[in-house]
Amino acid sequence: MDQTAERIARTIAAEISASPAQVNAAVGLLDGGATVPFVARYRKEVTGGLDDTQLRTLNDRLTYLREMEARRATILESIKSQGKLTDDLARDIARADTKATLEDIYLPYKPKRRTKAMIARENGLEPLLRAILDNRTADPQALAQGYLTENVETVKAALEGARDILAEELSENATLLGSLRDFMQKEALISAKVVEGKETAGAKFSDYFDHQEKWATIPGHRALALLRAAKEEVVTLEIAPDPEEGKQRAMTMVAAAIGIRGEGPGDQWLRDVAGWTWRVKLSLSMYVDLLSDLRRRAHEEAIAVFARNLKDLLLAAPAGNRPTLGLDPGIRTGVKAAVVDATGKVLETATLYPFQPKMDVRGAQAKIVEMVRRHGVELIAIGNGTASRETERLVGETLALIEGKKPTKVIVSEAGASVYSASELAAQEFPDLDVSLRGAVSIARRLQDPLAELVKITPESIGVGQYQHDVDQRRLAQALEAVVEDAVNAVGVDLNIASAPLLTHVAGLGPSLAQSIVAHRDANGAFPSRKALMKVAGIGPKAFEQCAGFLRIRDGKEPLDASSVHPEAYDVARRIVQACGRDIREIMGKPEALRGLRAEQFVDAKFGLPTVRDILSELEKPGRDPRPSFKTASFADGVEDIKDLKPGMMLEGTVTNVAAFGAFVDIGVHQDGLVHVSQLADRFVKDPHEVVKAGDVVKVRVTEVDIARKRIGLTMRKDGGGDRAAPARRDDGPRGPRGNGGGGRPPRGPAPKAPQDGGGNGALGDALRAAMRKK
Numbered sequence: 001m002d003q004t005a006e007r008i009a010r011t012i013a014a015e016i017s018a019s020p021a022q023v024n025a026a027v028g029l030l031d032g033g034a035t036v037p038f039v040a041r042y043r044k045e046v047t048g049g050l051d052d053t054q055l056r057t058l059n060d061r062l063t064y065l066r067e068m069e070a071r072r073a074t075i076l077e078s079i080k081s082q083g084k085l086t087d088d089l090a091r092d093i094a095r096a097d098t099k100a101t102l103e104d105i106y107l108p109y110k111p112k113r114r115t116k117a118m119i120a121r122e123n124g125l126e127p128l129l130r131a132i133l134d135n136r137t138a139d140p141q142a143l144a145q146g147y148l149t150e151n152v153e154t155v156k157a158a159l160e161g162a163r164d165i166l167a168e169e170l171s172e173n174a175t176l177l178g179s180l181r182d183f184m185q186k187e188a189l190i191s192a193k194v195v196e197g198k199e200t201a202g203a204k205f206s207d208y209f210d211h212q213e214k215w216a217t218i219p220g221h222r223a224l225a226l227l228r229a230a231k232e233e234v235v236t237l238e239i240a241p242d243p244e245e246g247k248q249r250a251m252t253m254v255a256a257a258i259g260i261r262g263e264g265p266g267d268q269w270l271r272d273v274a275g276w277t278w279r280v281k282l283s284l285s286m287y288v289d290l291l292s293d294l295r296r297r298a299h300e301e302a303i304a305v306f307a308r309n310l311k312d313l314l315l316a317a318p319a320g321n322r323p324t325l326g327l328d329p330g331i332r333t334g335v336k337a338a339v340v341d342a343t344g345k346v347l348e349t350a351t352l353y354p355f356q357p358k359m360d361v362r363g364a365q366a367k368i369v370e371m372v373r374r375h376g377v378e379l380i381a382i383g384n385g386t387a388s389r390e391t392e393r394l395v396g397e398t399l400a401l402i403e404g405k406k407p408t409k410v411i412v413s414e415a416g417a418s419v420y421s422a423s424e425l426a427a428q429e430f431p432d433l434d435v436s437l438r439g440a441v442s443i444a445r446r447l448q449d450p451l452a453e454l455v456k457i458t459p460e461s462i463g464v465g466q467y468q469h470d471v472d473q474r475r476l477a478q479a480l481e482a483v484v485e486d487a488v489n490a491v492g493v494d495l496n497i498a499s500a501p502l503l504t505h506v507a508g509l510g511p512s513l514a515q516s517i518v519a520h521r522d523a524n525g526a527f528p529s530r531k532a533l534m535k536v537a538g539i540g541p542k543a544f545e546q547c548a549g550f551l552r553i554r555d556g557k558e559p560l561d562a563s564s565v566h567p568e569a570y571d572v573a574r575r576i577v578q579a580c581g582r583d584i585r586e587i588m589g590k591p592e593a594l595r596g597l598r599a600e601q602f603v604d605a606k607f608g609l610p611t612v613r614d615i616l617s618e619l620e621k622p623g624r625d626p627r628p629s630f631k632t633a634s635f636a637d638g639v640e641d642i643k644d645l646k647p648g649m650m651l652e653g654t655v656t657n658v659a660a661f662g663a664f665v666d667i668g669v670h671q672d673g674l675v676h677v678s679q680l681a682d683r684f685v686k687d688p689h690e691v692v693k694a695g696d697v698v699k700v701r702v703t704e705v706d707i708a709r710k711r712i713g714l715t716m717r718k719d720g721g722g723d724r725a726a727p728a729r730r731d732d733g734p735r736g737p738r739g740n741g742g743g744g745r746p747p748r749g750p751a752p753k754a755p756q757d758g759g760g761n762g763a764l765g766d767a768l769r770a771a772m773r774k775k
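In terms of UniProt numbering, the sequence shown opens at residue 1 and continues consecutively.
Next comes the structure, spelled out in structure tokens:
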């Protein structure tokens, strides 16, 4: 292994708490085409048990560090070709541990356009600068007299040229730049001032009209709010040290780099140049660097929030394979209804008109009862958008008319349902179904299995992010793609009923192979075994190796095909079964049958202890679903609008979104309430995800209701602290009603253009669409 690979392995190993050998093993597998889910699940012996989180970090850092090593080689070659590479310089380049440090070192040698300093050198003014530096007792103006020429006609011009040369040298001094950057990162303040005349237009950013705090500790969501306010030209931003003491310290550091110690005329002139260089050049350079760092830091935090919320939503509890009636509420346009069977197949659709202007309540109730009885409906999924509570009340009254066992009604987030219904994918699934009715089908199916349905919808329509439209779209797409891939493979996919969008995210597959699998299934019927996958065009040994363990076949010829045991390890599983002396079907799902067996008995040259233990666990609970058991929130009767809320009310709700500053909760009034991070528990909470996640059912108490601004403050504390806080304040700017995202529906009609989200949720733009499909 070369030195570069060793250096990368050591760096990553320290960051993910692993050994270089583990890192090198994982890198070898990933470079060979293995996927993260496959390596995490089926190559534990090779990597020493690195989990998917470690592997994702490893993969990201590997890309960064390889890019940095390539840049290091380019810089070395460039300086070497100029004949300026010394041993000391080569060592400095080798020691640089960030791209920024590398670029600092390269600055003096980097080809550049003609600068003022170059012109000054051409005009013979560099000796003047050296004379001033060498003789501090001499008057610089007197020295400058000796350098006047046709191109340098005045003393002022000569001294300005000398100043330009020194300023450029200081601006390319890697040691000084590093020291200044460290100083600024510790001491700089970020300040915002409202642009005169923008007070009304930028009212949503009023918290930042006169704002200042430390750059090092500003939370990501506030940084993004400031960046957006600046982008919309509502405020101006400044990143600088304290105007008095900090500014003086910065100029002192610049002066120290020159070596100013005395009070002679030369020292005084150099001190003035140091101040000028800081004000005109270095402070601007530091501002750009720190603004870039702040943006990157805030983006990473926002992407992490989005990814974590998306994971929680994708891994939300499924209601299971039960006949379901989906209702997409509407008033004037009617309530769209769709019944799907236990497998998600559409059985019947209808449009009901129980509200204004038709008010056909009896007709709507009769139709609901008829569909429930005809299809044996066990669940009724009601979308949480406009007229949701009115529809829920209608269903409740209708269920009272049904004798015997009644279906369970559940409020379901319909975020993205209308976008999906107008999509090309929905048109392919339901070519003969009206666009308005496709949303009801999606609502029913997402209650049965949120993961299988939500992978069809672009993340921007799901609305669980924080300023997601503002962040680096490429990084966001990568992060969300990884979340979807991990979620799908953690749960596993039924090969004989999975849709192409779901199969797309199985390790080793992609859009093309997923379509081929579905086409083969449609033409030849259900797959009898995992091995039959090899008959699908395009699936070779490598793709089969990667995907097979994550695909399930229920009631097939091979019982192990219904488990997460990989086909490559079936012989190990059969040896375990043989040791029990019973048929495999009698053992699977019966932990008592495996008692007394030791994993060490079945280790061989190919499969070590981690794999054997995984096989034993899978035989105990074959095909187990890692998602939690299904439960729903019960909304309070008579509380259907924000106007019905009163401080002190105790309510139940569902967490729709978790941000750095708190959690948003749907309490059934078409407007999510905010539980500020300070109100999440009777203790200090640094990260809201420590307490709640998207999809959780929680009990909250109303602390504040602002009808005019549609803001609801909630608390989950039991000590009464919510009454003393101001939980309805949004640190990240305003969050629109759920109709603009965050648990509500996007506008009706064709998929809208990506709008600017209101600080809580919204669209991402076309770049994010890649997140929900393999590249």
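Just so you know, even glycine gets a beta-carbon here, dropped at the ideal spot from N, CA and C.
**Message:** Short of 6 Å in beta carbon distance, which residues of its chain neighbour T137, apart from the five on each side in sequence? Order them along the chain.
**Reply:** Reading the sequence shown from its first residue, position 137 is the one you call residue 137. Taken in chain order, the residues that qualify are G264.
May I ask you to report which of helix, strand or coil DSSP gives T632? If you number the sequence shown from 1, residue 632 lands on position 632. Three-state DSSP puts T632 in coil, outside helix and strand.
Problem set entry | G741 to R56 span [Cα, whole Å] | Sequence index remark: in the sequence shown, residue 741 carries index 741 (1-based). Sequence index remark: in the sequence shown, residue 56 carries index 56 (1-based). The predicted position of G741 is uncertain, since its pLDDT is 35 and thus under 50; no value can be drawn from it.
Figure out for me which residue from S78, G416, T408 and L226 has the closest Cα to the Cα of K193.
Locating residue 193 in the sequence shown gives position 193, where the first residue counts as 1. The option with the nearest alpha carbon to K193 is L226.
| Using DSSP with H/G/I as helix, E/B as strand and the rest coil, what is G638? | Taking the sequence shown and counting its residues from 1, one reaches residue 638 at position 638. Here G638 sits in coil by DSSP.
*Reducing DSSP to helix, strand and coil, say where S171 ends up.*
As a position in the sequence shown, residue 171 is number 171, starting the count at 1. For S171, the secondary structure class from DSSP, reduced to helix, strand or coil, is helix.
Beta-carbon separation of L437 and D328 under 9 Å? As a first step, residue 437 is located in the sequence shown; it is residue number 437 there, counting from the start. As a first step, residue 328 is located in the sequence shown; it is residue number 328 there, counting from the start. Yes. Within cutoff.
On the criterion of 16 or more Cβ atoms from any shown chain inside 10 Å, does E6 qualify as buried, or is it exposed?
In the sequence shown, the residue the question calls residue 6 occupies position 6. Classification for E6: exposed.
query = Expressed to the nearest angstrom, what Euclidean distance is found between the alpha-carbon atoms of G266 and W276?
reply = Position 266 of the sequence shown holds residue 266. Position 276 of the sequence shown holds residue 276. About 15 Å.
Margin query: For V658, count the other beta carbons within 10 Å of its own beta carbon; 16 or more makes it buried, fewer makes it exposed. Which is it?
Written below: Position 658 of the sequence shown, counted from the start, is the residue given in the question as residue 658. V658 should be labelled buried.
- [ ] Excluding the 5 residues preceding and the 5 following F355 in the sequence, name in chain order all residues of the same chain whose CB lies nearer than 7 Å to its CB.
- [x] Walking along the sequence shown from the start, residue 355 turns up at place 355. Taken in chain order, the residues that qualify are I331, A387 and E390.
Q: Give me the Cβ distance between L645 and V612, rounded to the nearest whole Å; I'm assuming they're in contact under 8 Å.
A: Translated into positions along the sequence shown, residue 645 becomes position 645. Translated into positions along the sequence shown, residue 612 becomes position 612. No, L645 and V612 are not in contact; Cβ-Cβ is about 56 Å, not under 8 Å.
query = Can you tell me whether T53 is buried or exposed, with buried defined as 16 or more other CB within 10 angstroms of its CB?
reply = Your numbering for residue 53 matches position 53 in the sequence shown. Under this definition T53 is an exposed residue.
Margin query: So V369 and L401 are supposed to be a Cβ contact under 8 Å. How far apart are they, rounded?
Written below: Here residue 369 corresponds to residue number 369 of the sequence shown, with the count starting at 1. Here residue 401 corresponds to residue number 401 of the sequence shown, with the count starting at 1. Right, the Cβ-Cβ distance comes to about 6 Å (below 8 Å), so this counts as a contact.
Would you check if the distance between the CB atom of T324 and the CB atom of I497 is smaller than 9 Å?
On the sequence shown, residue 324 is found 324 positions in, with the first residue counted as 1. On the sequence shown, residue 497 is found 497 positions in, with the first residue counted as 1. Taking 9 Å as the Cβ cut-off, T324 and I497 do not qualify as a contacting pair.
Per DSSP, cross-strand counterpart(s) of I239: Numbered from its first residue, the sequence shown carries residue 239 at position 239. Answer by DSSP bridge pairing, in chain order: I190.
For H670, which of helix, strand or coil comes out of DSSP? The residue you call residue 670 lines up with position 670 of the sequence shown. Here H670 carries a coil assignment [DSSP, helix/strand/coil].
Report task. Please name the residue in D719, E103 and L50 whose C-alpha comes closest to that of S17. Result -> To locate residue 17, count along the sequence shown from 1; it is residue 17. The shortest C-alpha separation from S17 is found at L50.
Pairwise C-alpha distance: T63 and G48 | Reading the sequence shown from its first residue, position 48 is the one you call residue 48. Reading the sequence shown from its first residue, position 63 is the one you call residue 63. Looking at the two C-alpha atoms, the distance is approximately 22 Å.
- Message: Taking DSSP's pairing of strands, which residues face H676 in a bridge?
- Response: Taking the first residue of the sequence shown as position 1, residue 676 is located at position 676. According to DSSP, which records beta bridges pairwise, H676 is partnered with G662.
Checklist entry - Going by alpha carbons, who is nearest to V665 out of T715, D470, P243 and S171? => result The residue you call residue 665 lines up with position 665 of the sequence shown. Ranking the options by Cα distance to V665, first place goes to T715.
Original post:
H211 lies in the alpha helix (DSSP H); which residues open and close that run?
Top reply: Counting from one through the sequence shown, the residue named residue 211 turns up at place 211. Taken as a continuous stretch (DSSP letters only), H211 belongs to no alpha helix (DSSP H), being part of the beta strand (DSSP E) at D210 to K214.
Under the DSSP definition of a beta bridge, which residues are partnered with T408?
As a first step, residue 408 must be located in the sequence shown, where it is residue number 408. T408 has L379 as its beta-bridge partners, per DSSP.
> Helix, strand or coil: which one does DSSP assign to K606?
Replying inline: Here residue 606 refers to the residue found at position 606 when the sequence shown is read from its first residue. Note: K606 maps to coil in three-state DSSP.
Grouping DSSP H, G and I as helix and E and B as strand, with all else coil, what is V254? If you number the sequence shown from 1, residue 254 lands on position 254. Helix.
**Study point:** Coarse secondary structure for I79, derived from DSSP in three states
**Key:** In the sequence shown, residue 79 corresponds to position 79, counting from 1. Correct three-state label for I79: helix.
Distance between beta carbons of T408 and L379, contact taken as under 8 Å: In the sequence shown, counting from the first residue as 1, residue 379 sits at position 379. In the sequence shown, counting from the first residue as 1, residue 408 sits at position 408. So it is a contact: roughly 6 Å between Cβ atoms.
Rounded C-beta distance between F630 and P318? I'm assuming under 8 Å. Within the sequence shown, numbered from 1, the residue matching residue 630 stands at position 630. Within the sequence shown, numbered from 1, the residue matching residue 318 stands at position 318. Between P318 and F630 the Cβ distance is about 6 Å, and since that is below 8 Å, they are a contact.
So, for L597: in the same chain, excluding its five sequence neighbours on each side, which residues have a beta-carbon less than 8 Å away from its beta-carbon?
As a working note, residue 597 is residue 597 in the sequence shown. Correct list, in chain order: I576, A579, C580 and L616.
What are the start and end residues of the alpha helix (DSSP H) that includes T47? Residue numbering aside, residue 47 sits at position 47 when the sequence shown is read from its first letter. In the DSSP annotation of this structure, the continuous segment of the alpha helix (DSSP H) that includes T47 starts and ends at K44 to T47.
In chain order, each alpha helix (DSSP H) run of at least 4 residues that lies wholly inside the stretch 6-77: Listed in chain order, the complete alpha helix (DSSP H) runs (minimum 4 residues) inside the stretch 6-77 are 20-31, 36-42 and 44-47.
D687: buried (16+ other C-beta within 10 angstroms of its C-beta) or exposed?
By 1-based counting over the sequence shown, the position of residue 687 is 687. Classification for D687: exposed.
Three-state class that DSSP yields for E568 in the structure shown:
Locating residue 568 in the sequence shown gives position 568, counting from the first residue. In this structure, E568 counts as helix in the three-state DSSP scheme.
- Query: How about Q141 and V155: are their beta carbons less than 9 Å apart?
  - Reply: The residue you call residue 141 lines up with position 141 of the sequence shown. The residue you call residue 155 lines up with position 155 of the sequence shown. Yes, the pair counts as a contact, with Cβ atoms nearer than the cut-off.
Exercise. Helix, strand or coil for N123, going by three-state DSSP, please let me know.
Key: Within the sequence shown, residue 123 is the residue found at index 123, counting from 1. DSSP places N123 in coil when its eight states are reduced to three.
(message) Cutting at 6 Å between CB atoms, please list the residues of its own chain near E640, excluding the five before and the five after it.
(response) Indexing the sequence shown from 1 puts residue 640 at position 640. Here the set comprises R389.
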